[in-house]
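Participant: Attaching a single structure in structure tokens format; questions to follow.
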Amino acid sequence: MTKEFNTQAAENLVAIAEQFAGLGKVTGVKAFGSGNINDTFLVDINSSEEQYFVLQRINTQVFRQPQLIMQNMRTFTEHVRNRLQHTPLNRRWEVPRVLLTKDSLDYCRDADGSFWRAISFIEGSQSFDTMRDRSHAKEIGYALGMFHNLISDLPPEKLADTFQGFHITPLYLQHYEEVLAKTSASQSSEVNYCLQFVSDRQTFAHILENAKVEGKLPLRLMHGDPKINNVMFDTATLQAVSVIDLDTVKPGLVHYDIGDCLRSGCNPAGEESENWDSVYFDTDLCQGILQGYLSVAKAFLTENDYAYIYDAIRLIAFELGLRFFADYLAGNVYFKVKHPEHNLARAIVQFKLTESIESQETQICNIIKDMK
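Rendered as structure tokens:
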């Protein structure tokens, strides 16, 4: 749906929003946010309790079991709310609430069969697309640590695995090898660099999954997409107040989240950089994120968890590069691209980031050690 929708579409949106508006009358609906998977709208309601809520049409091409996603979301948001009631924090922290329809369901379908849900709006908050400084990094880390901490006592088997295979690096490597066997990659220095890069790290790809199988790293619940812009900040205090975008929460290793948060947060050049030599891993931001994260997460982390943090940071950058490169070789079938070489360029950014992480291994390990 485009941002400029016609009158009939607007009327349909209001009708869908009214299914969830138990508190008052819908006075307006407008497109909201910059997410590229679900269609998101902000609904104005005339109610004494809340002025807005968020209405979303779930992309069922990506999320094939939307009912399970809603079931997961209700399970863990209720768990967190109960925990916060029993042991309140000394600062603002909010969990989005799932809103129910008039029939007490957590979703509704429209005439086209589209799947809609509504969640509460975090008032007085904003998100940022880039890391601004060390104190911002610390708050990002705190937010992920608080998110993990509040669900650390919820048994992972209570949530369905809605994204099987996600972040399982050996499976991505297997897929890459299958693609490679079927395609003849055009020879260029960039392609050769990537082929060699992956070849040199074949055994490393298994490091976290092996640790899980050996019982060194426990299965817990993870966010699945801990990007910077999924952390909401209080507009007045500039402290983190919530983690949003909860569709990917599922059983997994917290190390995938730690690695992904640091991979995306400590790369000032950004994922779309064309200047590969400028890509580096910023250990100052890394220290900030880990300081914030470990200040809360040390409540549940084990000795083994600390031992694998560096590997997680290195692995997730490598994994994303591997996924981009495999998609380039396959003809750009998964990630949206602006030109045929786009995924190749993205892969090189992640591989350069991985190299930068590897070259600073001692420093990163010392940062982790000093914070234990």
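Under numbering that gives the first Met the number 0, the residue at position 117 of the sequence shown is numbered 116, and the numbers go up by one with no gaps.
Note that the Cβ used here is the ideal one computed from N, Cα and C, for glycine as well.
Gln55 by DSSP, collapsed to three states: which one?
Facilitator: In the sequence shown, residue 55 corresponds to position 56, counting from 1. Here Gln55 sits in strand by DSSP.
Participant: Ends of the alpha helix (DSSP H) at Thr361?
Facilitator: Translated into positions along the sequence shown, residue 361 becomes position 362. Run containing Thr361: 360-370, per the alpha helix (DSSP H) assignment.
Participant: For Trp115, which of helix, strand or coil comes out of DSSP?
Facilitator: Residue numbering aside, residue 115 sits at position 116 when the sequence shown is read from its first letter. Of the three classes helix, strand and coil, the one that applies to Trp115 here is strand, per DSSP.
Participant: Can you check which of these residues, Ser126, Asp369, Trp275, is closest to Ala142 by C-alpha distance?
Facilitator: Here residue 142 refers to the residue found at position 143 when the sequence shown is read from its first residue. Comparing Cα-Cα distances from Ala142 to each of Ser126, Asp369, Trp275, the minimum goes to Ser126.
Participant: To which residues of the same chain is Tyr279 closer than 6 Å at the C-beta, ignoring the five residues directly before and after it?
Facilitator: Here the question's residue 279 lines up with position 280 in the sequence shown. Closer than 6 Å at the Cβ level, and outside the excluded window around Tyr279, lie Ser355.
Participant: Under the DSSP definition of a beta bridge, which residues are partnered with Ile44?
Facilitator: As a first step, residue 44 is located in the sequence shown; it is residue number 45 there, counting from the start. The partner list for Ile44 (beta bridge, DSSP) reads Val25.
Participant: I'd like the list of long-range same chain contacts for His205, defined as Cβ closer than 6 Å, with 5 residues on each side in sequence excluded.
Facilitator: Taking the first residue of the sequence shown as 1, we reach residue 205 at position 206. Answer for His205: Pro169, listed in chain order.
Participant: Between the beta-carbon of Ala329 and the beta-carbon of Val178, is there less than 8 Å?
Facilitator: One-based indexing of the sequence shown puts residue 329 at position 330. One-based indexing of the sequence shown puts residue 178 at position 179. Cβ distance < 8 Å, so Ala329 and Val178 count as in contact.
Participant: Out of curiosity, what's the CA-to-CA distance linking Val332 and Phe324?
Facilitator: Stepping through the sequence shown from its first residue, residue 332 is reached at position 333. Stepping through the sequence shown from its first residue, residue 324 is reached at position 325. Approximately 11 Å between the Cα atoms of the pair.
Participant: Quick check: what's the CA-CA separation for Leu83 versus Gln163?
Facilitator: Taking the sequence shown and counting its residues from 1, one reaches residue 83 at position 84. Taking the sequence shown and counting its residues from 1, one reaches residue 163 at position 164. Taking the straight line from one Cα to the other gives about 30 Å.
Participant: CB Pro89 to CB Leu158, shorter than 8 Å?
Facilitator: Position 90 of the sequence shown, counted from the start, is the residue given in the question as residue 89. Position 159 of the sequence shown, counted from the start, is the residue given in the question as residue 158. As written in the sequence, residue 89 is Asn, which differs from the Pro given in the question. The answer is no: Cβ separation not under 8 Å.
Participant: In the DSSP assignment, what residue or residues form a beta bridge with Ser250?
Facilitator: Translated into positions along the sequence shown, residue 250 becomes position 251. For the sequence presented, residue 250 should be read as Pro rather than Ser. Beta-bridge pairing links Pro250 to Leu220.
Participant: What number of angstroms, rounded off, separates the C-alpha of Lys368 from the C-alpha of Arg131?
Facilitator: Here residue 368 is taken as the residue at index 369 of the sequence shown, counted from 1. Here residue 131 is taken as the residue at index 132 of the sequence shown, counted from 1. Taking the straight line joining both Cα atoms gives about 25 Å.
Participant: Have a look at Arg96 and Ser119 and give me their C-alpha separation to the nearest angstrom.
Facilitator: By one-based count along the sequence shown, residue 96 stands at place 97. By one-based count along the sequence shown, residue 119 stands at place 120. If you take the alpha carbons of Arg96 and Ser119, they lie about 5 Å apart.
Participant: Tell me, to the nearest whole angstrom, how far the beta carbon of Asn11 is from that of Asn37; I am working on the premise that it is less than 8 Å.
Facilitator: For the purposes of this step, residue 11 is taken as residue 12 along the sequence shown, with counting starting at 1. For the purposes of this step, residue 37 is taken as residue 38 along the sequence shown, with counting starting at 1. Contact doesn't hold; Cβ gap of about 17 Å is too wide.
Participant: What's the C-alpha gap between Gln420 and Lys249?
Facilitator: Since the first and last residues shown for the chain are 0 and 371, residue 420 lies out of range.
Participant: How is Arg131 classed by DSSP in three states: helix, strand or coil?
Facilitator: Taking the first residue of the sequence shown as position 1, residue 131 is located at position 132. Residue state, collapsed to three classes: coil.
Participant: How would you call Lys181, buried or exposed, if buried means at least 16 neighbouring beta carbons within 10 angstroms?
Facilitator: To locate residue 181, count along the sequence shown from 1; it is residue 182. Looking at its Cβ environment, which holds fewer than 16 other Cβ atoms inside 10 Å, Lys181 is exposed.
Participant: Closest to Ile315 by C-alpha separation, out of Glu49, Leu207, Ala296, would be which residue?
Facilitator: Along the sequence shown, read from residue 1 onward, the residue named residue 315 stands at position 316. The shortest C-alpha separation from Ile315 is found at Leu207.
Participant: Could you give the distance in angstroms between the alpha-carbon of Gly140 and the alpha-carbon of Ala110?
Facilitator: The count along the sequence shown starts at 1 and reaches residue 140 at position 141. The count along the sequence shown starts at 1 and reaches residue 110 at position 111. Near 42 Å, if we compare the C-alpha coordinates of Ala110 and Gly140.
Participant: If I follow the unbroken alpha helix (DSSP H) through Phe317, where does it start and stop?
Facilitator: Working through the sequence shown from its first residue, we reach residue 317 at position 318. Note, Phe317: alpha helix (DSSP H), 308-329.
Participant: Taking the beta carbon of His147 as the centre, do at least 16 other beta carbons fall within 10 Å, making it buried, or is it exposed?
Facilitator: Residue numbering aside, residue 147 sits at position 148 when the sequence shown is read from its first letter. Label assigned to His147: buried.
Participant: Once you ignore the five residues that flank Gly264 on each side, which residues in its own chain have a CB closer than 7 Å to its CB?
Facilitator: Stepping through the sequence shown from its first residue, residue 264 is reached at position 265. Contacts found: Met130, Ala136, Ile139, Ile227, Leu284, Ile288.
Participant: State the Cα-Cα distance for the pair Gln55 and Pro154, rounded to the nearest angstrom.
Facilitator: One-based indexing of the sequence shown puts residue 55 at position 56. One-based indexing of the sequence shown puts residue 154 at position 155. Those two C-alpha atoms are separated by around 28 Å.
Participant: Going along the chain, which residues of its own chain have a beta-carbon closer than 6 Å to the beta-carbon of Lys2, five neighbours each way excluded?
Facilitator: Within the sequence shown, the letter at position 3 stands for residue 2. With a pLDDT of 46 at Lys2, under the threshold of 50, the modelled position of that residue is not reliable, and no figure is offered here.
Participant: Tyr255 and His174 - do their beta-carbons sit closer together than 8 Å?
Facilitator: Taking the first residue of the sequence shown as 1, we reach residue 174 at position 175. Taking the first residue of the sequence shown as 1, we reach residue 255 at position 256. No. Outside cutoff.
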